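One structure is given here, and the rest of the page talks about it.
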Amino acid sequence: MTIQRVKSKWAKTKVLLNSEQLRARIPVTKVWSPSSLEQLLQEFGMLYVKPDQGTFGIGVIRVEKQSEISYSYQHDTKIMQFASFEELARSLQRLIGSRRYLIQQGIQLLRYEGRRFDIRIMVQHNSQRMWETTGIIGRLSHPKKIVTNYHSGGTPMSIDELMSPHLQQGQINGYKTWLAEIGTSTARQLQTKYPGLKEIGIDLAIDESFLPWILEVNTLPDPFIFRKLNDKSVFLRIHRYCVGYGRFKRRAK
Ligand SMILES: Nc1ncnc2c1ncn2[C@@H]1O[C@H](COP(=O)(O)OP(=O)(O)OP(=O)(O)O)[C@@H](O)[C@H]1O
Ligand SMILES: [Mg+2]
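Quick note on this note's numbering: the sequence shown kicks off at 785 and runs consecutively.
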């Protein structure tokens, strides 16, 4: 029995867009083209441009339009400025080359002590072969970076801590329940197209009005990030479920 993996972010996004409930939680996403860039920049002012099959936040670019004569993008820690849309688009096209890239409506991430953070939600098949959200963890970005990935200097933190300046504990508990439901709905929707999935990791943004947005879904999610939580039972359960569907052979200690 093999566990299904799907690399293309675009393929996964299209399946999620078929769900009316989830569609409202997905930022507008298009395949890269200079004309889509112009249109979405006009509409949203800030965009993320990223590889269709990226990992670790590599190649992710944040693009902004400040005015008709001021555009910029940031790639890693490097910021580039342009005086026209044409110059911006030419520079980005050179960077992207012939690779498949996506353009996504940028979400203004909520901050904690001035740094942006987003959320990773782990959803797994349990012993009854039902989808269950088994872990939720926040990732605080490096102050100079535009991505939150651990491999790019992001710091894993509990969502309770990250949300504590924004919501009361009772509200945070309710919010986590909402995220857990988004997790299982996302898994069920993806399973309509990919029946061999057993686990997914959702990258989710929370905007400044506390609305959650699904940035992408990983089909080979990292379970070990959950080791960073003080509550050790979370990782142990995630690991146990991994053993259950055959990702790992032995029980964790
Ligand atoms: N539309 C967006 N709005 C705001 N931030 C975004 C957006 N898209 C991506 N990001 C930021 O960039 C990070 C990396 O993007 P994404 O998760 O799509 O690619 P990836 O991490 O390279 O892929 P993988 O998770 O498979 O390794 C996200 O975790 C998030 O912090
Ligand atoms: Mg990611």
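Every residue gets a Cβ at the ideal spot worked out from N, C-alpha and C, and that includes glycine.
The structure presented is a predicted model; accordingly, all values stated were derived computationally and were not measured.
Short check: CB of residue i to CB of residue j, under 8 Å?
i     : j     : result
M941  : G922  : yes
L995  : I903  : no
P1007 : H1023 : yes
L974  : V799  : yes
G841  : S936  : yes
L924  : R899  : yes
I810  : I998  : yes
G786  : G980  : According to the sequence shown, residue 786 is Thr rather than Gly. Cβ distance < 8 Å, so T786 and G980 count as in contact.
R846  : Y855  : no
Q788  : S969  : no
G967  : T1003 : no
R1011 : F1019 : yes
V815  : R883  : no
Y896  : I1009 : no
Could you check if residue i belongs to the surroundings of ligand 1, using beta carbon to heavy atom distance under 7 Å?
i     : result
I810  : no
D860  : no
N1014 : no
G890  : yes
V844  : yes
Y832  : yes
T839  : yes
V931  : yes
L876  : no
L893  : yes
Along the chain, where does the beta strand (DSSP E) containing residue i start, and where does it finish?
i    : result
H859 : 854–859
F866 : 862–866
H909 : 899–909
R789 : Unbroken run through R789: none, as it is neither H nor E.
P835 : 830–835
L999 : 996–1002
L893 : It is not in any beta strand (DSSP E) - L893 carries neither H nor E in the DSSP assignment.
I880 : Taken as a continuous stretch (DSSP letters only), I880 belongs to no beta strand (DSSP E), being part of the alpha helix (DSSP H) at 869–880.
R923 : 915–924
K781 : This structure cannot speak to residue 781, because the chain is shown only from 785 to 1037.
Assuming residue i and residue j are in contact, meaning their beta carbons sit under 8 Å apart, how far apart are those beta carbons, in whole angstroms?
i    : j     : result
T813 : Q888  : 5 Å
Y959 : L951  : 6 Å
H909 : K982  : 5 Å
I891 : A989  : 4 Å
K796 : V1001 : 5 Å
E822 : F869  : 6 Å
I956 : A971  : That pair is no contact at about 23 Å.
D991 : L886  : About 19 Å; that fails the 8 Å criterion.
K929 : T861  : 7 Å
Start and end of the alpha helix (DSSP H) containing residue i?
i     : result
M947  : 943–947
N957  : 953–977
S1017 : 1016–1028
A989  : Not the alpha helix (DSSP H): A989 falls in the beta strand (DSSP E), residues 983–990.
Q805  : 804–807
S851  : It is not in any alpha helix (DSSP H) - S851 instead sits in the beta strand (DSSP E) that spans 845–851.
Would you check whether ligand 2 has a heavy atom nearer than 7 Å to the C-beta of residue i?
i     : result
E1000 : yes
N802  : no
N910  : no
N770  : An answer regarding residue 770 cannot be provided, because it is not within the stretch 785 to 1037 covered by the chain.
D1006 : no
D836  : no
D991  : no
D944  : no
* Asked: Between the segment 1013–1032 and the segment 819–835, do three or more beta carbon pairs fall short of 8 Å?
  -> no
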